[in-house]
Amino acid sequence: SNTSGTESKRILDQEVWSMVRTSYDTIALTTGKDWYEYKLGDGQVKRIGGAPVNQRTKVYTNNSAGPQSLWIDQRDGKGVLLSYDVGSKTEKILVSQSGLVYPVRWLNNTTAVYRINTDTESADYVVSLNGGDPRKIVDVTNTSGVDKWYYY
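The number in our numbering is simply the position in the sequence shown, starting from 1, with 16 added.
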């Protein structure tokens, strides 16, 4: 229940085969034949009718102040960088661009860096939550981000 692990608890008394983070505070779990949903703060797991429609896990990156989190989605064939307001539970599209991929990082509480990787470009860009156009920082060699990690 906390980041230090001192309040850890068992939420499901079955072997979990896979987990998918479906939203900022929700995880879908499968035991092989059954699917369950756990919402942070609920304290219990609920059985759901089947697998989530989108089984691609969402990777959120919080800023140091805590109220904002970045994540990337794929919409209409483009990568979309979104800022999620943890308090109001609302999302704001920051950038929609072909080739937009992880990693994303915060420079400060209002400025984020994201990557573009296409056949013609691999570069990092910076964008402000306060508005304005993204700016290219530097060309880079693309590597897989945290969305491609496999956990054992």
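Glycine included, C-beta positions come from ideal geometry on N, C-alpha and C.
Fair warning: this is a prediction, and the values are worked out from it, not measured in the lab.
Residues that DSSP places opposite residue i in a beta bridge
i, result
"Ile132", "Leu116 and Ala139"
"Val96", "Asp89 and Ser112"
"Asp149", "Partner(s): none; Asp149 has no beta bridge."
DSSP-derived helix/strand/coil call for residue i
i, result
"Ile43", "strand"
"Ser144", "strand"
"Glu31", "coil"
"Lys74", "coil"
"Thr127", "strand"
"Lys55", "strand"
"Val50", "Looking at the sequence provided, one finds Asp at residue 50 rather than Val. Coil, per DSSP."
"Thr106", "strand"
"Val156", "coil"
"Leu22", "First, the residue type needs correcting, since residue 22 is Thr and not Leu in the sequence shown. Three-state result, Thr22: coil."
"Val61", "strand"
"Val69", "coil"
"Tyr168", "For Tyr168, the pLDDT reaches just 43, beneath the cut-off of 50, and the residue's location in the model is therefore unreliable, although a value from the coordinates is still provided. Looking at Tyr168 - three-state DSSP - the assignment turns out to be coil, as it is neither helix nor strand."
Close Cβ partners of residue i (< 8 Å) along its chain, the five nearest in sequence each way excluded
i, result
"Tyr168", "For Tyr168, the pLDDT reaches just 43, beneath the cut-off of 50, and the residue's location in the model is therefore unreliable, leaving the point undetermined."
"Gly103", "Pro83"
Same chain, Cβ closer than 6 Å to residue i, five either side skipped, listed in chain order
i, result
"Asn79", "Trp122 and Asn125"
"Ile64", "Trp51 and Glu53"
Distance CB(residue i)-CB(residue j) smaller than 9 Å
i, j, result
"Val111", "Val156", "no"
"Arg1", "Thr73", "Coverage of the chain is limited to positions 17 through 168, which leaves residue 1 absent and any answer about it impossible."
"Val61", "Ile109", "no"
Neighbourhood of residue i by C-beta, 7 Å cutoff - its chain only, sequence neighbours within 5 removed
i, result
"Ser34", "Thr46"
Residue i CB to nearest heavy atom of the ligand HEM below 8 Å
i, result
"Lys49", "Looking for the ligand HEM in the displayed structure turns up nothing, as the structure carries no ligands at all."
CB contact check: residue i to chain D, cutoff 9 Å
i, result
"Ile64", "Going by chain labels, chain D is absent from the structure shown, which holds only one protein chain."
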